[in-house]
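Letter 123 of the sequence shown, counting from 1, is numbered 127 in our numbering, and no numbers are missing. Glycine residues also receive a C-beta, built at the ideal position from the N, C-alpha and C atoms. Notes follow once the structure below has been shown.
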Amino acid sequence: MNISKAVAALEISGLHKYYGSFHALKGIDLIVNRGSFFGLLGANGAGKSTSIHMICGLTKKTQGSIKVLGYEVEHHHEIISRLIGLSQQEFNLDRFFPLHKLLRYHGRLYGIGKKILDHRLDELMSQFGLWEYRNQLTHRLSGGFKRRIMLVRALLHDPEILILDEPSAGVDIELRIDLWRYLKKLNQEGKTIILTTHYLEEAQSLCDDIALLREGEIILQGRKDDIVSKLKGNLINFFLPNPLETPHVE
């Protein structure tokens, strides 16, 4: 798929979402450049997951425009599904399949050839410490292991854009550090990564650019250092009803 390098990874304009009378997103404008590590930062309920679901075509927008690498999401669902790898906050793994069969089935849905699929599975399952659990049913694994499986599944078809919705939720410190290290490596290799988090430290450690979402509105947006300097000036207590949590990773 030939896509001009000048095209933004993600371009959102005037994005609104209503659930009945509830105005969940209030006219979001956002541009994420290709190759960047972008953080969407906000408290629980700010609209982060709603935004991600609309970007991936899982939820219909009420108004506005969403383009992924130049493709309008509402008109190019199949293309978008191949361009994006999504690791959702909620676990949605088939509990009746052994791990390796589950991931292999997912790879085949994307038409990945056997040789390439075998290589990707070996590489990713080893990277995330899943190989020895390959014959386990997923419902018998801990939340931390399920989080790893979600990430492997998102990466299996080698998407142009990786989207992670609260990837540190429910994982221990050791895995979090390994995850951060791996994501930095992916980004350095050119992968565009979009991360949602309510951990300020996570956004600060990983991201180049940050947008701060509060009650469905982007109230701050820019380079990481500029945003963090403002937040550390105690403005965070003004912007959010509850101060952002941090995992205190050394």
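With respect to the 8 angstroms criterion, GLY226 and GLY39 are not classified as neighbours on the basis of their beta carbons. In its chain, beyond the 5 residues on either side, HIS20, LYS21, TYR22 have a beta carbon closer than 6 angstroms to the beta carbon of THR66.
Burial state of ASP176 is exposed, judged by a 10 Å Cβ sphere holding fewer than 16 other Cβ atoms. Assignment of beta strand (DSSP E) within the region 37-69, counting only whole runs of 3 or more residues, yields 41-45 in chain order. By the Cβ test, the region 199-212 is not in contact with the region 117-132, since fewer than three Cβ pairs between them sit closer than 8 angstroms.
Here TYR203 carries a strand assignment [DSSP, helix/strand/coil]. Per DSSP, TYR114 has no beta bridge partner at all. Apart from the 5 residues on each side of it in sequence, LEU87 sits with its Cβ closer than 7 angstroms to the Cβ of VAL72, LEU73, PRO163, GLU164, ILE165 in its chain, given in chain order. In the structure shown, GLN93 falls within a coil segment according to DSSP collapsed to helix, strand and coil. Taking C-beta separations shorter than 6 angstroms and ignoring five residues to either side along the sequence, the partners of LEU90 in its chain run CYS60, ALA158, ILE167, following chain order. Residue environment analysis places LYS52 among the buried positions, since at least 16 neighbouring C-beta atoms fall within 10 angstroms of its C-beta.
Per the Cβ contact rule, the region 112-124 is not in contact with the region 32-49 (fewer than 3 Cβ pairs under 8 angstroms). Taking a C-beta distance under 8 angstroms as the contact criterion, LEU134 and VAL156 qualify as a contact pair. A distance below 6 angstroms between beta-carbons, with the five flanking residues on each side excluded, links LEU179 to the following residues of its chain, in chain order: GLY148. Assignment of LYS30 by DSSP, reduced to helix, strand and coil, places it in the strand class. Around the beta-carbon of HIS161, 16 or more other beta-carbon atoms lie within 10 Å, marking it buried.
It is roughly 33 angstroms from the alpha-carbon of LYS236 to the alpha-carbon of PHE132. ILE153 places its beta carbon less than 8 angstroms from that of LEU97. Under the three-state reduction of DSSP output, GLU164 falls in the coil class, being neither helix nor strand. Residue burial is scored here from C-beta neighbours: SER25 has fewer than 16 other C-beta atoms within 10 angstroms and is therefore classed as exposed.
Counting other Cβ atoms within 10 Å of its Cβ, ASP169 reaches 16 or more and is therefore classed as buried.
If you ignore the 5 residues before and after THR54, its C-beta comes within less than 7 angstroms of the C-beta of LYS21, ALA28, LEU29, THR63, all in its own chain and listed in chain order. Excluding its 5 nearest sequence neighbours in each direction, CYS211 has C-beta neighbours in its own chain below 7 angstroms: PHE41, PHE42, GLY43, LEU199, LYS228, listed in chain order. Straight-line spacing of the CA atoms in GLU219 and SER69 works out to 20 angstroms. Bounds of the beta strand (DSSP E) holding TYR22 are 14-23. In this structure, ALA10 keeps its C-beta atom at 8 angstroms or more from the C-beta atom of VAL36. Assignment of GLU193 by DSSP, reduced to helix, strand and coil, places it in the coil class.
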